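So that you can map any letter, position 71 of the sequence shown is 70 in numbering that gives the first Met the number 0, and since no number is skipped, the others follow by simple counting.
Backbone N, C-alpha and C fix where the C-beta goes; we use that ideal spot for every residue, glycine too.
Quick caveat, the model's predicted, so the values are computed rather than measured.
Down below is the structure, laid out as structure tokens.
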Amino acid sequence: MDFDDRRSPVHAMHYEITLPADYGMQIIHRRVRERGPLLDEFRGLGLKAYGVRERGVDGSVLNQYSPFYLWHDPAGMHVFLWEGGFRGIVDDFGRPPVPHWTVLAFEEGPAFGTTPRAAGKRTETLPREVLPGDVITPALADLSEHSQRDGVHSAALVIDPRGWELVRYTLWAEDAPDEDPVRYRIGHVSMPELAKLRRGRQW
């Protein structure tokens, strides 16, 4: 992995808005359909996956709206949070915490040219007694192998050095496998910077 690869996203964000058990999730699905395309050309945004969990679906015990972002340019992330689309979240749901991570790697999968319908997330906390590199190096190798599985659209490996939390987030063309502890349905994906880079590689 080249950590100075300027084509790769550098920051990840993933906030979770947990909703009441009797919440009408069609409201969230409509929100995604109507507002999702608004970020299709957002400068600095590598990818936004509009993830939804519904109680009783894919093993979920709760209702949740949970967008995941990869940013190529921190300036774009700042515009979104302070001046842009995040205000709509605050207006409608209050201000959620916004966990964010450094991106270690992003890999395109065999299904990258399709529209992903699901996502899966795995989280690991690094033990205190290990050197970070002893965990991250094999995790990067695992990500490279994992991303070549049938049905993978793309996969990212991200880390929060404050709590030494390592997260793998995978977009799938169809259903996320049961091995992913947390699974989402994806209603829309915006990929302005990734799409631009992909077009640039088509010579």
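- Residue burial annotation: Arg184 is buried, with at least 16 other C-beta atoms found within 10 angstroms of its C-beta.
- The three-state secondary structure of Val78, taken from DSSP, is helix.
- The beta-bridge partner set that DSSP reports for Gly119 consists of Thr169 and Arg182.
- Counting the other CB atoms within 10 Å of its CB gives Lys195 a total below 16, which places it among the exposed residues.
- In the three-state scheme derived from DSSP, where H, G and I count as helix and E and B as strand, Ala20 is classed as coil.
- CA-to-CA, the gap between Gly150 and Gly35 works out to about 23 Å.
- If you ignore the 5 residues before and after Gly112, its C-beta comes within less than 7 Å of no other C-beta in its own chain.
- In this structure, DSSP gives Arg54 a state outside helix and strand, which the three-state scheme calls coil.
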